[in-house]
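Structure first, then comments.
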Amino acid sequence: MQESVRVVVAAVIERDGLILAARRVGPPQLAGRWEFPGGKVEPGESEAAALIRECGEELGVRIAVGDRIGPQYEAAGASMVVRTYFAAIEAGEPRVAGSHDALRWVRPESAEARALAWLDGDLLILDALKERAAAGDVSQVA
């Protein structure tokens with residue numbers, strides 16, 4: 001029997017040229033690593049709806065979901081695939097909750113952003129953001 005692959009969505013939340021990074025509290029092998037916030041898509045849920053729900057639960061904000069950014073990548077031994085989207089905050093101010101113990105706004109092309117201990121897959125997204133910035137492409141959320 002073939003195991004199904006779960007879809008996980010993540011948000012590149014941008015504000016004034018900065019992106020929001022969140023530091024994980026668990027599981028132990030991922031604790032202390034930085035990521036773009038998000039979570040699993042539930043059965044029958046669209047990717048955009050999952051991202052809106054997860055950002056509400058994890059950060060206490062309401063977001064608008066924009067275009068996908070970067071490549072999708074496999075996680076958790078290929079049992080999950082992660083897809084990342086641009087997002088903008090429509091209401092609320094991000095706060096730490098159960099999944100994260102710190103939040104940081106960073107410029108994607110900065111040394112500060114590079115110095116964070118990102119999850120491996122999110123480094124691919126950081127590279128894609130840097131390439132877009134170098135190309136002058138600033139379109140993200142319609």
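Just so we're aligned, residue 1 is where the sequence shown starts under the UniProt record's numbering, counting upward by one.
Note that CB positions come from ideal geometry on N, CA and C, so glycine has one too.
Within the same chain, and ignoring the five residues on either side of Ala87 in sequence, the residues whose Cβ sits closer than 6 Å to its Cβ are Ala11, Ile13, Ile63, Val65.
Residue state for Arg33 is assigned as coil, using DSSP reduced to three classes. Under the three-state reduction of DSSP, Asp16 is assigned to coil, being neither helix nor strand. Only residues of its own chain outside the window of five on either side were considered, and among them Leu20, Ala21, Ala22, Arg23, Leu59, Pro94, Arg95, Val96 have a CB closer than 8 Å to the CB of Leu103, listed in chain order. Under the Cβ criterion (8 Å, minimum of three pairs), the stretch 113-130 counts as touching the stretch 24-38. Annotation: Ser4 to Ser99 spans about 24 Å, alpha carbon to alpha carbon. Under the three-state reduction of DSSP, Ala115 is assigned to helix. Here the alpha carbons of Val61 and Val41 stand approximately 18 Å from one another. Here Arg95 carries a coil assignment [DSSP, helix/strand/coil].
Sequence-distant Cβ neighbours of Gln72 in its own chain, meaning closer than 7 Å and more than five residues away, are Val81, Val82, Arg83. Taken atom to atom, the span from the alpha-carbon of Leu18 to that of Ala128 is near 15 Å.
If only complete runs of 4 or more residues are kept, the stretch 31-92 shows the alpha helix (DSSP H) at 47-59, in order along the chain. Taking the Cα of Leu123 as reference, the smallest distance to any Cα among Gly70, Ser79, Ala50 is reached at Gly70.
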